[in-house]
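First residue of the sequence shown: 1, per our numbering; consecutive thereafter.
Don't be surprised by glycine CBs; every beta carbon is placed ideally from N, CA and C.
Here the structure is laid out as structure tokens; the discussion comes afterwards.
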Amino acid sequence: MSHHLMNTYARQPVAFTRGEGATLWDSQGKSYLDTVAGIAVCNLGHCHPDITATIQQQATELLHTSNLFDIPAQQRLGAKLAQLAGMERVFFCNSGAEANEAAVKLARLYGHQRGIDTPTIIVMEQSFHGRTMATLTATGNRKVQAGFEPLVHGFVRVPFNDIAAIEKVAAQLSDVVAILVEPIQGEGGVQTPADTYLPELRRLCDQHQWLLMLDEIQTGIGRTGKMFAFQHSDIVPDVMSLAKGLGNGIPIGACLARGQAAELFKPGHHGTTFGGNPFSTTIAGKVLEVIERDAILEHSAAVGAWLLTHLKLALGDQPFVRDIRGKGMMLGIELDRPCGQLVAAGLERGLILNITAGSVIRLIPPLILRQEEAESLVTTLSQLIFNFINDSSQSE
């Protein structure tokens, strides 16, 4: 470990030097099945040949100009995303936190246009929206906020998947302008709400003239088996943020809007130096092209459903398993105890794992995960979990 890097990550003692599909190799030549995909980033897998070729070609032509000028690749990507999502306008940035910052600013502009001096956004407990000051305030995890007070004003928090709690806020506060919510909470433990949740949020937003703002940074770009998770419901948000899978490893974020929200930003309201440059938007355009051309959504939905079924068959009746849940290639196995030790055990067995919310194994592999890799994942992970439970029970 370098002593010159700020101590912001609890890193595992492994360095990967090569990747292909859902496999990574470390500096010793050992291979690993990757169920993390750079935290839901490498949706098309590592070093996808079409993405690599596009990166190489674009690097020989043009990397960056500025948003002071027209960027044709940005315009094409904006049109494609708007068409796929049923939205109207897009602001491009570099990350998910930036995309959510844009959403928060849109909500405040929207409120001020309605004569509300102190616009308030409803956010959810156990949510995660980023680590900038506004987005960590919106995040419903005290550990993310601790030590960084004073936080940003203008947020009120309610339990996730609880419509009655939002109705109570609506009855008590007159300055609410928007709801910001993840369709499925990722960092919060792969929490999947009731099927009626998003439609009910849409109804409440329409009723109170609030903006429905969906954080699809993790759930977007095919992660749940649809291009966007909201497409599992018969609704369309007013604002949506994207990042992670959009660039398959190349940093890019986007904030999409429609209706009144799409017309709020004027020149000078918002901006970014690198966001939407020719390089990142060309790569993201190729990512969307490959997803459609190769029927990646259909593949990921089918393999994800197989994974969910067979994980339940292998582990679902065990007393130490509280729940197995998720959609598409975004699955969570919740145990009855903290299970961070599984990460190191997984690495020993050539399996890259992620634990979130302390006791939830979050599976977010590349969407191109092959059937035989899914079968290997179920077998290896089940053995790891049984071994972990036996070891932890003996030590009690």
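Under the DSSP definition of a beta bridge, Ile283 lacks any partner.
Listed as beta-bridge partners of Cys255 by DSSP are Phe91 and Ser241. Distance between Thr132 and Val303, taken at the CA atoms: about 35 Å. Measuring C-alpha to C-alpha distances from Phe230 to each of Arg108, Pro193 and Val90 identifies Pro193 as the nearest. Under the DSSP assignment, Asp26 falls in the beta strand (DSSP E) whose first and last residues are Thr23 to Asp26. Counting along the chain, Asn354 sits inside the beta strand (DSSP E) bounded by residues Asn354 to Thr356. Counting of Cβ neighbours within 10 angstroms places Gly328 among the buried residues, the total reaching 16 or more. About 7 Å separates the beta carbons of Val176 and Ala170, which is inside the 8 Å limit, making them a contact pair. Per DSSP, the unbroken beta strand (DSSP E) holding Leu331 starts and ends at Met330 to Leu335. The beta carbons of Asp34 and Cys42 sit closer together than 9 Å. Under DSSP, Thr120 shares a beta bridge with Val176. Residues of the same chain with a CB within less than 8 Å of the CB of Ile71, apart from the 5 flanking positions on each side, are Thr65, Gly276, Asn277, Pro278 and Thr281 in chain order.
In this structure, Asn387 sits away from Ala344, with a CB-CB distance that is not shorter than 9 Å.
Annotated three-state conformation of Glu101 is helix, per DSSP. Taking every protein chain shown into account, the CB of Ser31 has fewer than 16 other CB atoms within 10 angstroms, so this residue is exposed. Between Leu180 and His129, the CB-CB gap stays under 9 Å.
Approximately 4 Å separates the beta-carbon atoms of Arg89 and Ala262; this is inside 8 Å, confirming the contact. Here the C-alpha atom of Cys93 lies approximately 8 Å from the C-alpha atom of Gly271.
Counting C-beta pairs with one atom in each stretch, the segment 361-374 and the segment 331-342 have three or more that are closer than 8 Å, which means they touch. Taking the Cα of Thr356 as reference, the smallest distance to any Cα among Lys244, Ile39 and Glu149 is reached at Ile39. Closest in C-alpha terms to Pro119, from the list Ile283, Ser127, Gly86 and Tyr110, comes Tyr110. The continuous beta strand (DSSP E) containing Thr17 extends over residues Phe16 to Glu20.
Glu216 and Ser2 have their C-alpha atoms spaced approximately 34 Å apart.
Just so you know, the alpha carbons of Ala314 and Val378 end up roughly 8 Å apart. Leu351 sits in a strand when the DSSP states are folded into three classes. For the set Val290, Gly86, Thr273 and Pro159, the Cα lying nearest the Cα of Ile51 is the one of Val290.
Per the C-alpha coordinates, the member of Arg258, Gly21, Gly245 and Leu44 positioned closest to Asp238 is Arg258. Here DSSP, grouped into helix, strand and coil, assigns Phe388 to helix. Assigned with DSSP and collapsed to three states, Arg157 falls in strand. Between the alpha carbons of Ile221 and Gln394 lies a distance of about 43 Å.
Note on Glu372: under 16 other CB atoms within 10 angstroms of its CB, so exposed under the neighbour-count rule.
Residue range Ile296 to Leu315 is occupied by the alpha helix (DSSP H) that includes Gly304. Sequence-distant partners of Ala73 (beyond 5 residues in either direction) whose C-beta falls short of 7 Å from its own C-beta, in its chain, are Pro278, Thr281, Thr282 and Gly285. If you draw a 10 Å sphere on the C-beta of His153, you find fewer than 16 other C-beta atoms in it, and that means exposed. Judged by DSSP in its simplified three-state form, Ile184 adopts coil rather than helix or strand. For Leu106 against Leu264, the beta-carbon gap comes to about 5 Å, under 8 Å, which counts as contact.
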